[in-house]
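Residue 148 is where the sequence shown ends in the working numbering, and the numbering goes up by one at each step.
Here a beta-carbon is modelled for each residue, glycine too, at the ideal position from N, C-alpha and C.
One structure below.
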Amino acid sequence: MKSKIINNVNKERKSFGNVVFKIIVGISVVAVFGTFFFLTAPSEATEEELINITKYRHLVSFAVFAILLPFGSVFWEMMGGIYDQNKIILKIVVCSLIAVIGTLVSLLTWNATVIEISMYISLLSLVFALIPTIKPEEVKELRENA
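In structure tokens, the structure reads:
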């Protein structure tokens, strides 16, 4: 597969991408910490209630790690102006598959272990989405030649 490197640097687009990504990260931090600090069980909670609270916490974490942050990072990279188009398409496909399959499996089985495993898999998709498509040295070289 031949790389198709896009070099379309625009300062306004780049700053817009930075602002949007910072907003997405802020929403993600509030969502994850909010569920862990405010979604608490009373001291007299039954085991079923504790399991349900754990399920909801992991579902919110899954949504943040599989949907918000991966697509935000892809958007941020595209707005930066220098990226490999084929690798971006691969990132979008992989992250979409993990988001759809993980959501379906979590909601259809409604099992605490399955939801937790899908949350960990969503972390892997986030790591995959955060890896830049072009090495930083090549980005510097492309910016100098532009």
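Grab me the residues of residue i's own chain with a C-beta within less than 8 Å of its C-beta, minus the 5 sequence neighbours each way, in chain order.
i, result
"Phe64", "Gly104, Thr105, Ser108, Ile117, Ser120, Met121 and Ser124"
"Val11", "Gly82, Gly83, Ile84, Arg145 and Ala148"
"Ile53", "Ala114"
"Phe38", "Arg59"
Spatial neighbours of residue i within its chain, please: CB distance less than 7 Å, with the 5 preceding and 5 following residues excluded, ordered by chain position.
i, result
"Leu41", "Ile55, Tyr58 and Arg59"
"Thr135", "Glu79, Tyr85, Asp86, Lys89 and Ile90"
"Glu51", "Ala43"
"Lys16", "Met81, Gly82 and Gly83"
"Ser5", "Asp86 and Asn88"
"Val66", "Ser30, Ala33 and Val34"
"Val96", "Ser127 and Phe130"
Label residue i either buried or exposed according to how many other C-beta atoms from any shown protein chain fall within 10 Å of its C-beta, with 16 as the threshold for buried.
i, result
"Ala68", "buried"
"Ala47", "exposed"
"Val129", "exposed"
"Lys93", "buried"
"Thr111", "exposed"
"Ser127", "buried"
"Gly36", "exposed"
"Pro138", "exposed"
"Val141", "buried"
Starting from residue i, follow its DSSP beta bridges and name the residues at the other end.
i, result
"Tyr85", "Ile8"
Apart from the five residues just before and just after residue i, which ones in its own chain have a Cβ nearer than 6 Å to its Cβ?
i, result
"Gly74", "Phe23 and Ile26"
"Leu70", "Ile26 and Ser30"
"Ile8", "Tyr85 and Gln87"
"Pro72", "Cys97, Ser127, Leu128 and Ala131"
Pull up the CB-CB distance for residue i and residue j, whole angstroms please, since I reckon it's below 8 Å.
i, j, result
"Ala33", "Val62", "6 Å"
"Phe77", "Gly19", "6 Å"
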